[in-house]
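Residue numbers (this note's numbering): 1 to 162.
Ideal placement from N, C-alpha and C gives every residue a C-beta, glycine not left out.
Inspection log for the structure reproduced underneath, given as structure tokens.
Structure (structure tokens):
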């Protein structure tokens, strides 16, 4: 349950996740190339790896990575020392800027799944009394179990199964 509350904290959780993903990807390139900075080609591959991690580790729909043109234009904006390459700090800022919308979608999905769904389930439990067959079963279930079942159904229905 503590992980759920970490995710609902918002900005701190997001920055922690972005930093962990960026460190892992950046270190991979540093080991492979032996250099401390990323060229444009390496940056684009790094972006693909970051989006792969985002799609694997974060709940919600699949997020497509940005185009090469967008990465190129953002690279020029994030290259603060104007050396044509991206260092570790510039890379973290680049990914935060690039993935901000992605994390907003994930956060909204968490709020819907973990707060709204159980609240609606509890509020509508009484409404199921008149449904033949289902009403009696729902009324016999403890409210916490019913809310959990409805929440799981919402999470399953809103998750991307592809």
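Worksheet entry | Of the residues 47, 71, 139, the one placed nearest residue 121, counting alpha carbons only | For the purposes of this step, residue 121 is identified with residue 121 of the chain shown, where counting begins at 1. Measuring from the Cα of residue 121, the nearest candidate turns out to be 139.
Exercise for the section: Answer with buried or exposed for residue 19, where buried requires no fewer than 16 other C-beta atoms within 10 angstroms of its C-beta. Expected result: By 1-based counting over the chain shown, the position of residue 19 is 19. Residue 19 should be labelled exposed.
Distance, residue 39 Cα to residue 53 Cα:
By one-based count along the chain shown, residue 53 stands at place 53. By one-based count along the chain shown, residue 39 stands at place 39. Going from the Cα of residue 53 to the Cα of residue 39 covers about 21 Å.
Less than 8 Å between the beta carbons of residue 77 and residue 86, yes or no?
Start at 1 with the first residue of the chain shown, and residue 77 comes out as number 77. Start at 1 with the first residue of the chain shown, and residue 86 comes out as number 86. No, Cβ-Cβ distance for residue 77 and residue 86 is not below 8 Å.
| Taking the alpha carbon of residue 43 as the point to measure from, which residue in 73, 126, 62 has its own alpha carbon closest? | On the chain shown, residue 43 is found 43 positions in, with the first residue counted as 1. Among 73, 126, 62, the Cα nearest to that of residue 43 is on 73.
- If we count the other Cβ atoms within 10 Å of its Cβ and call it buried at 16 or more, is residue 116 buried or exposed? Mapped onto the chain shown, residue 116 falls at position 116. Classification for residue 116: exposed.
Report task. Just mark residue 134 as buried or exposed, buried being the case when its beta carbon has 16 or more other beta carbons within 10 Å. Result -> Residue 134 sits at position 134 when you count from the first residue of the chain shown. By the neighbour-count rule (16 or more Cβ atoms within 10 Å), residue 134 is not buried but exposed.
*Residue interval of the alpha helix (DSSP H) (run including residue 124)*: In the chain shown, the residue the question calls residue 124 occupies position 124. Run containing residue 124: 117–124, per the alpha helix (DSSP H) assignment.
So, under 8 Å CB-CB, residue 26 and residue 88 are touching, yes? Tell me the CB distance rounded to an integer number of Å.
Counted from its first residue, the chain shown places residue 26 at position 26. Counted from its first residue, the chain shown places residue 88 at position 88. Yes, residue 26 and residue 88 are in contact; Cβ-Cβ is about 5 Å, under 8 Å.
Requested in this report: Pull up the distance between the alpha-carbon of residue 8 and that of residue 152, whole angstroms please.
Outcome: Position 8 of the chain shown holds residue 8. Position 152 of the chain shown holds residue 152. Residue placement at residue 8 is flagged as unreliable, the pLDDT there being 48, under the threshold of 50; a coordinate-derived value is accordingly withheld.
Which residues in the same chain as residue 81 place their Cβ atom closer than 7 Å to its Cβ, once the five residues preceding and following it in sequence are excluded? As a working note, residue 81 is residue 81 in the chain shown. Result list for residue 81: empty, nothing under 7 Å.
Practice prompt. Would you mind reading off the limits of the alpha helix (DSSP H) that contains residue 70?
Written response: Indexing the chain shown from 1 puts residue 70 at position 70. Counting along the chain, the alpha helix (DSSP H) containing residue 70 begins and ends at 68–78.
Exercise. Rounded to whole angstroms, how far is the Cβ of residue 47 from the Cβ of residue 65, which I believe are closer than 8 Å?
Worked result: For the purposes of this step, residue 47 is taken as residue 47 along the chain shown, with counting starting at 1. For the purposes of this step, residue 65 is taken as residue 65 along the chain shown, with counting starting at 1. Contact flag correct, Cβ pair sits at about 6 Å.
Checklist entry - According to DSSP, which residues form a beta bridge with residue 86? => result Residue mapping note: residue 86 aligns to position 86 of the chain shown, counting from 1. Bridge partners of residue 86: 38.
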